[in-house]
Amino acid sequence: MDTATRWMDTTTRWIPPLGAGRRPAGRALLALLDDARAPRVCQVTGPAGIGKTRLLTWLATACSDPATPAAQRPDAAVSLAGATVRSATWSIAARLGVWARTPAELVAGLRAADRPWLLFLWDLNRSAEPEAVAELLVGPLSEVPRVRMVVESPGALPVAGQPAVLALDEARWTDAGRFASWYDRRRAGSPFSAEQVYPSPGLALLAAKVPAGAMLPAVGPVGPVGPVGPVGPLGPDVPAAWWASLPDEVRPAVGALTAAVRPLTRQEWAVLADPAAVERAVDRLPADSPAGDTWWLPVGPLRQVVTAGAAPLDPTDVARALAATVPRAADGAPDLLSADSDRLGLLLGQCVRAGMAEQLLEDPLFIACADPLAVAAAFGSHGDSPLRTAWQVAGPALLGEDAGASRAEILRVRLLEGGTDHTFPPVSGAPWHAEWFCGPAEADAPLVAAALGRGAFDGRILVADVTGGVHLVDLATGRLLDRRALVGPADLTALTCHPDGTVAAFGPDGEVRLLTGDLRLPPPATGRWTASAELTAVGDGTGTVHWFAPGEACAEPLHRGPVTALSGVLLPGDEAKARSLVVSGGADGRVRAWRPGLPPMPGSIAERARAVVSVSLTNTPSGLFLAMAWEDGLLRAVPVDRNGPAVDVRLGTPVRTVLATAPGDVVCVLAEGLARISLPAPVSFGATEGTDGEHL
């Protein structure tokens, strides 16, 4: 079925309607995505109001239907509005499931994946730093051989090769007849004809709001009529005519939009102007967003006309008006945790414009609760500080978390890392709390693995760095007790501590290295060992988990691809095999449970489209408690009886190892240190009888 036929086929795929005569442009984009010989970058361009953003958001919706052909299905569809280079990188990486804090890391991750990627990016001109985002992010992404992009930008893009360019002000992309019909349905009594506003939907929507009988200021027989489009027979200036037709009492409300740093909702707009006037203005000014729920005056002729005709607002007054809308606690202090994140972000942006953001940017709870995109933009023009450093390290996680209390705890981890948490106590209402943070024992030696101490190492954490040094950290306090207490192979991949205190490490070659004690494992039948548990259990590259005991052994294929993580506990009972419960994670993203000698438990405990990097199972008086981590940085803690809720945590950098240490307590090992987090009491871990593993 060719592209034109698929366009009309609604029996297998839903494609939303595309108004304003833009079906030729929509067809062209779908055909380009189907054409393997087409340039890898397509730029949708044109002047303000021409409908670039609406076309890209339509494309993202049209290509999200489950029946969409693979070549048209985007891996990421991202608005760049308000984003910096950093925050845009974080947003795109999160959509792609690739961890990255910088464009270079994102590019490296996409190259390493060696698979095709399709990105839809729009609102580049509305980003916090358009030129930098284009040069430092979009350009490098275009150099990745298997990346294709559709990018909306009014200006030239610094991309590799010659992009396909779809300039929406060219008549071939807008069906004139359909455009006229679309406009006439909205026109009412407007004196402007479809020919006078063709081919600009933005100009047409504005012209449709001009009432019958309005005076039409002429600009001469030739020349532009506003943001876009050819001159009509009367040569009218649509923005000027619209402004002239606006009642005097409504003009201050429209003028207030020139003071806004971003599009405003109806409620936000009513803070800056008389609410009654705003309600009237909403009916006269076309919405800025495709969804029709925000209004603004972006750079362009309409903004110029309004700025020239309306009294300017004092930026300080705007900031103070917004500050007055922040909820207050009983003691009169700002209740930031109850405040709307977007409203706090708007307040911050307006304070930056007014030159009065310093105090807000020194308040850790405020920057945790405010919209992360706005905070990233504000910090972009702010000097270095411990809080700025902590926020930027946590940034990828903050951007992906909606709840202010959870964002506050993520930030607390990074402030604990820097030793600057003394003014930022645990946050009430968060689903978890940071207890302590311990940095690496040696500078420039990232941590790679860890194990919970047993036997002679009870009460301590054994943590290994990239050099092979194994250091001891106090479990209760996070204090470093001993540097290089043991030495393993450089670049080791796993560390285990057995109940008798035996410590073993997996080298990069898959060989098991004994660091202390006694442990005997047979060589794998094929390939190499890839993961190890505290029990005598190992996983191999074929997805099989092997269990060993004196005089017996058994194995079970549990994963598609290598086993990447193992943990286990001994349950009540007499026979070693019956007592063992093994939990495994694999490169297939699945976490599974198995009791040696029995068939594997059906299904998966958890499954995601990312490789598992660590699992940790502990048996406590309250029941079994499991922590899991995937390669994209997600940590999930869950009571195994499945009656309690799972808690998802991201800390801003990938988790190397998780250690479930007690009911609701997890130690997360990151390259830059260890963090202990606890889940508050409301999480239920089941009754004591759950410790026999029956719920798995």
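So the mapping is simple: the working numbering equals the position in the sequence shown, first residue as 1, plus 777.
Just so it is clear, CB atoms sit at the ideal spot from N, CA and C, and this is done for glycine as well.
Taking the CA atoms as reference points, L887 sits about 16 Å from A854. For L1258 against R1231, the beta-carbon gap comes to about 16 Å, at or over 8 Å, which does not count as contact. A contact between stretches requires three or more CB pairs, one per stretch, nearer than 8 Å, and the segment 1095–1105 fails this requirement with the segment 1066–1075. Note that the C-beta distance between L1041 and L1074 is not below 7 Å. Here the C-alpha atom of A1153 lies approximately 20 Å from the C-alpha atom of E1194. Note that the C-beta distance between G1265 and G1294 is not below 7 Å.
Using a Cβ-Cβ distance cut-off of 8 Å, the segment 866–873 and the segment 787–802 are not in contact, since fewer than three pairs of beta carbons, one from each stretch, lie closer than that value. Distance from the CA of V927 to the CA of A1220, rounded to the nearest whole angstrom, comes to 42 Å.
Under the three-pair Cβ rule at 8 Å, the segment 1177–1189 counts as touching the segment 1421–1432. The straight-line gap separating the alpha-carbon atoms of S930 and L901 is approximately 6 Å. Around A1332, the same chain offers T1321, H1323 as residues with beta carbons nearer than 6 Å, after the five sequence neighbours per side are excluded. Within the segment 1148–1217, the runs of beta strand (DSSP E) that reach at least 3 residues and sit entirely inside it are, in chain order, 1210–1215. A residue is called buried when at least 16 other Cβ atoms come within 10 angstroms of its Cβ; W791 does not meet this threshold and is exposed. A check of alpha carbon separations from A1267 across T1273, A1147, R962, P1285 identifies P1285 as the nearest. When the five nearest sequence neighbours on each side are left out, the beta carbons in the same chain lying within less than 7 Å of the beta carbon of A1308 are those of A1271, V1315, G1316, V1340, T1341, A1342, L1343, in order along the chain. Cβ atoms of L1124 and A1096 come within 8 Å of each other, at about 7 Å.
For F1283, the enclosing beta strand (DSSP E) starts and ends at 1280–1283.
Rounded to whole angstroms, the Cβ separation of L1049 and L1090 is 7 Å, and the two are in contact under 8 Å.
Along the length of the segment 1299–1370, whole alpha helix (DSSP H) runs at least 4 residues long occupy 1353–1356, reported in chain order. The Cβ atoms of P843 and L895 lie no closer than 7 Å to each other. For G916, the enclosing alpha helix (DSSP H) covers residues 916–919. For the pair V1247 and A1241, the CB atoms are nearer than the 7 Å cut-off. Residues S1118, D1119, L1121, G1122 of the same chain have their beta carbon placed closer than 7 Å to that of D1148, with the five preceding and five following residues left out of the count. Three or more beta-carbon pairs separated by less than 8 Å are not found between the segment 913–920 and the segment 946–954, which leaves the two stretches without contact. A797 is positioned such that its CB atom lies no closer than 7 Å to that of P940. DSSP places V1038 outside both helix and strand once states are collapsed to three, so it counts as coil. According to the DSSP assignment, P1092 belongs to the alpha helix (DSSP H) that extends over 1092–1100. Across the structure, G1032 and A1106 are spaced so that their CA atoms are roughly 33 Å apart. By the Cβ-count criterion, S856 is buried, with 16 or more other Cβ atoms from all chains shown falling within 10 Å of its own Cβ. Judged by DSSP in its simplified three-state form, T838 adopts helix.
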